[in-house]
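Remarks on the structure that follows.
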Amino acid sequence: MSDDLFDIKVGNLSLKNPIALAPMGGITDSRFANEFAKDAGLVILGGYNLDAATKQAAAEIVKRGREEFISDEPLELIENELKAINTDSIVAINVRSSTLEPLIEAAKIARNANAIIEIDAHCRQPEMTKIDVGEALLHDLPKLQDIIRKVKATGVILSVKVRANVIDNVKMAKAIEDAGADILHVDAMKIGSGADMETIRKIRDATRLLLIGNNSITDFDIAKEMFTRGADIVSVGRGVMEDPLLITLLVKEVTLLQKEMGWYNAPKHVCRGEGDLRGLAFCCLPVKPCPVHSNIKKIGISAKEFADIKMEFAKGTLLEYGDSTCFGSLVWCCKISKMCPLRDGVLETIGLTDAEYMKLKKELADYILDHPKVIGK
Numbered sequence: 009m010s011d012d013l014f015d016i017k018v019g020n021l022s023l024k025n026p027i028a029l030a031p032m033g034g035i036t037d038s039r040f041a042n043e044f045a046k047d048a049g050l051v052i053l054g055g056y057n058l059d060a061a062t063k064q065a066a067a068e069i070v071k072r073g074r075e076e077f078i079s080d081e082p083l084e085l086i087e088n089e090l091k092a093i094n095t096d097s098i099v100a101i102n103v104r105s106s107t108l109e110p111l112i113e114a115a116k117i118a119r120n121a122n123a124i125i126e127i128d129a130h131c132r133q134p135e136m137t138k139i140d141v142g143e144a145l146l147h148d149l150p151k152l153q154d155i156i157r158k159v160k161a162t163g164v165i166l167s168v169k170v171r172a173n174v175i176d177n178v179k180m181a182k183a184i185e186d187a188g189a190d191i192l193h194v195d196a197m198k199i200g201s202g203a204d205m206e207t208i209r210k211i212r213d214a215t216r217l218l219l220i221g222n223n224s225i226t227d228f229d230i231a232k233e234m235f236t237r238g239a240d241i242v243s244v245g246r247g248v249m250e251d252p253l254l255i256t257l258l259v260k261e262v263t264l265l266q267k268e269m270g271w272y273n274a275p276k277h278v279c280r281g282e283g284d285l286r287g288l289a290f291c292c293l294p295v296k297p298c299p300v301h302s303n304i305k306k307i308g309i310s311a312k313e314f315a316d317i318k319m320e321f322a323k324g325t326l327l328e329y330g331d332s333t334c335f336g337s338l339v340w341c342c343k344i345s346k347m348c349p350l351r352d353g354v355l356e357t358i359g360l361t362d363a364e365y366m367k368l369k370k371e372l373a374d375y376i377l378d379h380p381k382v383i384g385k
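This note's numbering numbers the first residue of the sequence shown as 9 and each following residue consecutively.
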């Protein structure tokens, strides 16, 4: 399978697919990854406890029956674990420390190994939060931002794993992006059970960071739902322990979807109230009252500016065609999964496949959201 099929890039790295192994303390080491996640595009090892305080906290956690990684030489352990991965997956290391220097050293190790470092702002175990590690960092965003900036200064590709719905999700996402992170890994936890898909959508609208969605991914239907809400990657943890073939199955399904559709994480239509802002690529010309107006308002442009931006993109592309469609151009047409004889007739006439059409729509979505008129607002 080509690494270019999905076109998922971060820094100088290219992921072969959008399925990741999530970190689980005391569980996701190189042995686990090699055995159960050989097909994953990304494997996240850890979390590793780097300083005396986090190692002591981990020891207390182990005493009450939970698993943790504890090592007298955690940096050496990380180096060895990175070398022990025998798949072609991109590797990240999830780390915790109550002091900055071990994070800097771990980042240098990751950078030199062409790997990613992931700061744990997720762990909610009281032994960790009472030493201001894990989820506690979300309650002190300036401190988290300072850590991100200093770790990122090493030149490493940096991810931050967070737990949703602890603080304001949008404020959190913007703070992490502003500090210079490359990836936001969100455990979309909600009270009760299952993943909070609406939270993924809102975070997707708040940031242009590479977004990893996590929580309750046990089959492809759930993964696909998270993709349609804006996740670039989905990560699985406990589900792999229940079904050792889960990652392989998810990779197979998402690969088939990408080959057939061309945009594996294409959003829902915004007029349904479930699509994120990328769904503006599927919107009609804004000539009547509909949700397109409230969504373009979020990005600070007028209906005319929106129309101009879409027509700018269409010029010189196959989306420019479509005189027989509702608004005279494929640029205004909907998602390929929605039945439309007018659109499909044009696609057949000009020889544009469903996947090629959707790839152009993805480029259009990026063009809208990265347009200077949008960014400058």
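Every residue gets a Cβ at the ideal spot worked out from N, C-alpha and C, and that includes glycine.
- Compute the Euclidean distance between the alpha carbons of Gly-283 and Ala-67, then round it to the nearest angstrom. 44 Å
- Item | Collapsed DSSP secondary structure at Asp-213 in the structure displayed | helix
- Check Leu-90 in the structure and name its three-state DSSP category. helix
- Within the stretch 231-294, note down every full beta strand (DSSP E) run reaching 3 residues or more, in order along the chain. 241-244
- Please list, in chain order, all residues of the same chain as Ala-118 whose beta carbon is under 7 Å from its beta carbon, the five residues on each side excluded. Ile-101, Ile-124, Ile-125 and Val-164
- Message: Relative to the C-alpha of Thr-256, which candidate in Gly-34, Ser-167 and Asp-47 has its C-alpha closest?
- Response: Asp-47
- State yes or no: is the C-beta of Ile-52 within less than 7 Å of the C-beta of Pro-82? no
- For Ile-208 and Asp-96, the rounded distance between their alpha carbons: 28 Å
- By DSSP, does Asp-229 sit in helix, in strand, or in coil? helix
- Thinking C-alpha only, which one of Glu-185, Val-168 and Ala-315 is nearest Gly-293? The residue asked about is misnamed: residue 293 is Leu in this sequence, not Gly. Nearest option by C-alpha distance: Ala-315.
- Task: For the stretch 239-253 and the stretch 319-338, state whether three or more C-beta atom pairs, one from each stretch, are separated by less than 8 Å.
- Result: no
- Query: To the nearest angstrom, how far is it from the Cα of Glu-76 to the Cα of His-130?
  - Reply: 15 Å
- Query: Who does Phe-77 pair with in a DSSP beta bridge?
  - Reply: Tyr-56
- Task: Please go through the same chain and pick out, in chain order, the residues whose beta-carbon is closer than 7 Å to the beta-carbon of Ile-35, but skip the five residues on each side of it.
- Result: Glu-75
- Does DSSP put Ser-10 in a helix, a strand or coil? Here the model assigns Ser-10 a pLDDT of 43, short of 50, so the residue's position is not dependable, and the following value carries that caveat. In the structure shown, Ser-10 sits in coil (DSSP, three-state: anything other than H, G, I, E or B).
- Query: What first and last residue would you give for the alpha helix (DSSP H) that runs through Glu-328?
  - Reply: From DSSP, Glu-328 is part of no alpha helix (DSSP H); its letter is neither H nor E.
- Message: Mapping the DSSP letters down to three states, classify Ala-28 as helix, strand or coil.
- Response: strand
- What separation, rounded to the nearest whole angstrom, lies between the Cα atoms of Met-347 and Ala-41? 41 Å
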